[in-house]
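Since the structure comes first, as C-alpha cells, the remarks are kept for the end.
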Amino acid sequence: DTGVSQNPRHKITKRGQNVTFRCDPISEHNRLYWYRQTLGQGPEFLTYFQNEAQLEKSRLLSDRFSAERPKGSFSTLEIQRTEQGDSAMYLCASSPIRTSGNYEQYFGPGTRLTVT
Amino acid sequence: QQQVKQSPQSLIVQKGGISIINCAYENTAFDYFPWYQQFPGKGPALLIAIRPDVSEKKEGRFTISFNKSAKQFSLHIMDSQPGDSATYFCAAIITGANNLFFGTGTRLTVIP
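Here is the structure:
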C-alpha cells in the first residue's frame, strides 16, 4: 500500500491557462474523490467516482472544471481558463469498497495551484 | 453555510497537557464523524472516527467524546507532544453519501 499519489505537487500558472492534475489512488480502491482546500479552510468536496463512473458533482465544480477516471484507475482533474480564485490545494482521496458502513477516505498530499 | 462548525481556530498547549477541540453539527442525518490530522504540505490523514451510537472512543492518546443530543463532538489529545503540532479537522458524513463535510480546522501548537 503506497498511498494516494498526486502529481504535480505544485503548479504555478498564468490566468487563462489550462492545467491538469493527476491522482493515482490506492490500488484496488474503487472510489475516488476530489476536494479543494483553500488557505485556512477545510477541504470542500468537488466530485466522486465509483470505478470509471462520475456519480456526483458539487456545485463548486464549474463548467471550467472537468474530471475523468478512464478505466477506473487514475483520475485527472482539468481546469480550463484558470482564474485567480482557482488558487487552492486540490486533494484527491480514495476509499475501498464499503465494508461495515465505514467511509475511510485516504487523502493524497495534494497539488497546490497558484494562478498569477 | 458551514455544515460542521469547529473551534477553536488555534490552540497552544504545553507538552504533557490536554488538547481539546470541539465541533458541532446541525444535520442529524450525519452518522459518521472522522477526525483528520494535517501537517504542512501534506494531505489530511485519518486519525480516529466515531458513530453516534457510542458516546466515547479512545485510541491511544486520542479520544472522541460524542454528545448526540447536543449535536456536538470533541477530540481530546492526552499527554500532548510537540509532534502532535498540526492542523486538526473534524468532519461528518451521511452513510450512503460520498461528501465529507469538514470543519474549518484547528491549528494546534504543542510547546516543549
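In the order they appear, the protein sequences are chains A and B. Count along the first sequence from 1, add 191, and you get the number used in my numbering. Count along the second sequence from 1, add 922, and you get the number used in my numbering. Quick reminder that beta carbons are idealized off the backbone N, C-alpha and C, glycines included. Note that this is a predicted model, so its numbers are computed, not measured.
Excluding sequence positions up to five before and after B:Asn944, its CB lies within less than 6 Å of the CB of Ser929 and Ser996, all in the same chain and listed in chain order. Using a CB distance cut-off of 7 Å, A:Pro216 does not count as an interface residue toward chain B.
Among the residues of the segment 243-275 of chain A, those with a Cβ less than 9 Å away from any Cβ of chain B are Leu246, Glu247 and Ser249, in the order of the chain.
Between A:Tyr281 and A:Arg227 the beta-carbon gap is near 6 Å, inside 8 Å, which marks them as a contact. Residue pairing by DSSP puts A:His201 in a beta bridge opposite A:Arg303. In this structure, the CA atom of B:Phe988 is about 9 Å from the CA atom of B:Phe955. Bridge partners of A:Lys248 according to DSSP: A:Thr238. Within 7 Å of the CB of A:Glu295, the CB atoms of chain B belong to Leu968, in sequence order along the chain.
In this structure A:Leu251 does not touch A:Glu274 by the C-beta definition: roughly 13 Å separates them, more than the 8 Å allowed.
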